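All residue numbers for the sequence shown refer to this note's numbering, where the first residue is 16 and numbers rise by one.
The beta-carbon is built from N, C-alpha and C at its ideal position, and this holds for glycine as well.
Nothing here was measured: the structure is a model prediction, and the numbers come from that model.
Beneath this line is the structure, given in structure tokens, with notes to follow.
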Amino acid sequence: MSDQTPNLALPFIMPAQAQKHVTHNEAIERLDMIVQLTLESIGATVPPVVPGEGQAWALGAAPTGDWSGQGGNIASWRGGGWLFVAPREGWMAWVKDAAELQVLTGGDWTTLASAGG
Numbered sequence: 016m017s018d019q020t021p022n023l024a025l026p027f028i029m030p031a032q033a034q035k036h037v038t039h040n041e042a043i044e045r046l047d048m049i050v051q052l053t054l055e056s057i058g059a060t061v062p063p064v065v066p067g068e069g070q071a072w073a074l075g076a077a078p079t080g081d082w083s084g085q086g087g088n089i090a091s092w093r094g095g096g097w098l099f100v101a102p103r104e105g106w107m108a109w110v111k112d113a114a115e116l117q118v119l120t121g122g123d124w125t126t127l128a129s130a131g132g
């Protein structure tokens, strides 16, 4: 048996596991980040100086600073640190700076709809 779910990579609580609340809380954090996904922007490479709790960015291929080595992932500021999640084909997100609903397809975020039409 795997130690995580196949689609969202949520951690399972394993038999006889110590500190079960840690695994449970990690799963809740990931769900809070992914469900109704809202991104500040797509292709970000430089972390913001003062990120807001829960803000998220789709990272570009070669991000720097605290995001270094996380290219292509989604970065979300949570509890004073960065949480990184690899997006999967078909995920949708509202992208704030573009005012568009976008979907990840073929490894790229593409527009489904915009606020203007």
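- Per DSSP, the unbroken beta strand (DSSP E) holding Thr120 starts and ends at Glu115 to Thr120.
- Residue nearest to Gln19 within the set Thr126, His36 and Glu41 is Glu41 (criterion: CA-CA distance).
- Residue state for Val100 is assigned as strand, using DSSP reduced to three classes.
- Annotated three-state conformation of Ile49 is helix, per DSSP.
- In this structure, Trp106 lies away from Leu98, with their beta-carbon atoms at least 8 Å apart.
- A direct Cα-Cα distance of roughly 17 Å separates Asp123 from Ser129.
- For Gly86 against Leu74, the beta-carbon gap comes to about 6 Å, under 8 Å, which counts as contact.
- Between Gly80 and Pro62, the C-beta gap is smaller than 8 Å, which places the two residues in contact.
- Beta-bridge partners assigned by DSSP to Thr126: Gln117.
- In this model, Gly121 and Leu127 are separated by some 14 Å (Cα to Cα).
- Between the alpha carbons of Thr38 and Ser17 lies a distance of about 14 Å.
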